Structure formats: C-alpha cells, structure tokens
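Engineer: Sharing a structure, written as structure tokens. Questions coming.
Protein chains: 2
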Amino acid sequence: MSMQWLEHVKWTEDGLVPVIAQEVGTNKVLMFAWMNREALRLTAETQQAVYWSRSRGRLWHKGEESGHVQKVHEIRLDCDEDVILIQVEQVGGIACHTGRHNCFFQKLEQEHWIVDQAVIKNPEDIYHHE
Amino acid sequence: MSMQWLEHVKWTEDGLVPVIAQEVGTNKVLMFAWMNREALRLTAETQQAVYWSRSRGRLWHKGEESGHVQKVHEIRLDCDEDVILIQVEQVGGIACHTGRHNCFFQKLEQEHWIVDQAVIKNPEDIYHHE
Chain H
1 MSMQWLEHVK WTEDGLVPVI AQEVGTNKVL MFAWMNREAL RLTAETQQAV YWSRSRGRLW
61 HKGEESGHVQ KVHEIRLDCD EDVILIQVEQ VGGIACHTGR HNCFFQKLEQ EHWIVDQAVI
121 KNPEDIYHHE
Chain P
1001 MSMQWLEHVK WTEDGLVPVI AQEVGTNKVL MFAWMNREAL RLTAETQQAV YWSRSRGRLW
1061 HKGEESGHVQ KVHEIRLDCD EDVILIQVEQ VGGIACHTGR HNCFFQKLEQ EHWIVDQAVI
1121 KNPEDIYHHE
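So, in structure tokens, the structure goes:
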C-alpha cells in the first residue's frame, strides 16, 4: 500500500530498472547501474544507494566493501517511467571500482578512447583491507 | 579499420549500448536512450545525437521531427565499456517529448512522484507542423 510509488516504475522483463547516479553539487555522472524492486525500496528507505548486481546476482549496497557509500539526496523517474536518476553524495569521492572519481573516464578523441581521469586510490587499497 | 574504437564497446546481445545524454554547461541529465553500432558511428561522425529507437525499430536522429537536435560535444565510455555518456548542447532547450527541458521531471517525495518541471512547449506544437 505505502509502496505504491514502486508500481509506477516500468520494470524490465528481468524486473530491473536502469539507474544513473549523479553527484550532488557538480552534477557529474558517477556511474550507471541497475536496481530491482527491493534495491529501489531500500535505496529510498535507507537513503543510501543499493543496486542489483547482475554479475553477482544479488543486492549490492554500494560501498559495502570500499566504504564509498552513496548518500541519496534525490530520486527521479523519467517520462517513460523506466529509468531512474539519483542525486548522491559520493563518500570518499570515489565512485568507480578502478579508484577513479567516476566511471566515465574514457573520452573519444580522434577515434581513440583516451583516459583523462587519474586514479585517486589504488583499487587494491580500496578492496583488500588488512 | 578506422572504426576500431567501436570495437571497444561491449554491445548487448541485441547489439545496443545504453546512452546517457547530459547537457553541456549545466551537466543536467537530459535523457536516457540506446544506440546501436550505426547510431554511435553516426553520432561521432555528424556530431549530432543519433539513437536507436527500440519501439520503432529504426535509427532515430534526435530532433528529426521537432528540430530539437543535440549537438554533441563529447563522447565518453565507462569503465566496463558498456555504457556511453554524451555531452550535448540541446537545441531549443527541450529534450523531452513531453515538451520539458529534460525527461527526469518526476521526483520522489514522501512516497509520491511529484512533477516539478514545467512544460516549455506544448507537444502538439512541437510535433505537428502545419
């Protein structure tokens, strides 16, 4: 009943919805991922981004391992009601698993993809706590 | 040969890639759509956004009917090489087929989707030229 807003989302056949995460303040696009119904519900409830990991086949609380959680400021739905846009504060300033600020660090220049963002933190230092 | 950069993109089984269109300057996310190989090639070549319309099953030169073309300033690829981010200048200032600036005009507030963007131009005036 109180979850009626979830009914408005047009889920894919697999029960997912594409999600764009954008940084509050800079408006930079941090990453793109997917949510299922439970992930979106938890995202709204906890105000932290929870995605559905298609590769791992499970809920993925962003930052669960790295500590780089995303505090959710806003949740938006598009005109066709099949895409979600969230405004987040990126804790640690690193959204990408490569240790970069965001995932879109390859830019097309004269028919080549050029990396134009530095690695802020070595992924080994992010994911292997000792 | 010169199209080698297209090989780096990991296309879906349907030969598509999700695309986020972001406005140059404001960094606002305008819309989300899909491209196939030909659409991405044309986007890069013409510097105007060309998508693949899944509903119509054909190439869709954004603005072909409305005049609201998107001039492409930048094309980016994400870490997994399966999502494209383009920076565009939105001609006419209207990206959404509802006549709004962008497609993400529904905001979640206390379990309700609230429309918080005005219609700039009536869709009937955009799409029915007399």
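Chains as they are written, first to last, in this note's numbering: chain H, 1 to 130; chain P, 1001 to 1130.
Here a beta-carbon is modelled for each residue, glycine too, at the ideal position from N, C-alpha and C.
Fair warning: this is a prediction, and the values are worked out from it, not measured in the lab.
#1: List in chain order: all unbroken alpha helix (DSSP H) runs of 4+ residues lying wholly within the stretch 65 to 91 of chain H.
#2: Identify each residue in the stretch 1018 to 1042 of chain P for which the Cβ-Cβ distance to at least one residue of chain H is less than 8 Å, and report them in chain order.
#3: Determine the extent of the beta strand (DSSP E) in which tryptophan 1005 of chain P is found, giving its start and end residues.
#4: Between P/Glu1111, P/Glu1074 and P/Glu1081, which has its C-alpha nearest glutamine 1087 of chain P's C-alpha?
#5: What residues of chain P sit near glutamine 106 of chain H, judged by a beta carbon separation below 9 Å?
#6: Name the residue from P/Leu1077, P/Asp1080 and P/Arg1041 whose alpha carbon lies nearest to the alpha carbon of histidine 1061 of chain P.
#7: My guess is that tryptophan 1005 of chain P and histidine 112 of chain H are in contact by the Cβ rule of under 8 Å, so how many angstroms apart are they, rounded?
#8: Can you name the residues of chain P whose CB is closer than 8 Å to the CB of alanine 118 of chain H?
#9: Kindly give me the distance between the Cβ atoms of valine 1029 of chain P and isoleucine 20 of chain H, rounded to whole angstroms, as I take these residues to be in contact under 8 Å.
#10: Which residue marks the beginning of the beta strand (DSSP E) containing isoleucine 1020 of chain P, and which one marks its end?
#11: Residues of chain P with CB under 7 Å from leucine 85 of chain H, in chain order?
#12: How about methionine 1031 of chain P and asparagine 1102 of chain P: do their beta carbons lie closer than 8 Å?
Structural biologist: So, to answer that:
#1: none
#2: Pro1018, Ile1020, Gln1022, Thr1026, Asn1027, Lys1028, Val1029, Met1031 and Phe1032
#3: Looking at the DSSP string, tryptophan 1005 of chain P is not in any beta strand (DSSP E); the run it does join, the alpha helix (DSSP H), is 1004 to 1007.
#4: P/Glu1074
#5: His1008, Arg1076, Leu1077, Asp1078, Cys1079 and Glu1081
#6: P/Arg1041
#7: 6 Å
#8: Within 8 Å Cβ-Cβ: nothing; alanine 118 of chain H doesn't reach chain P, min ~14 Å.
#9: 6 Å
#10: 1016 to 1023
#11: Val1029 and Phe1104
#12: yes
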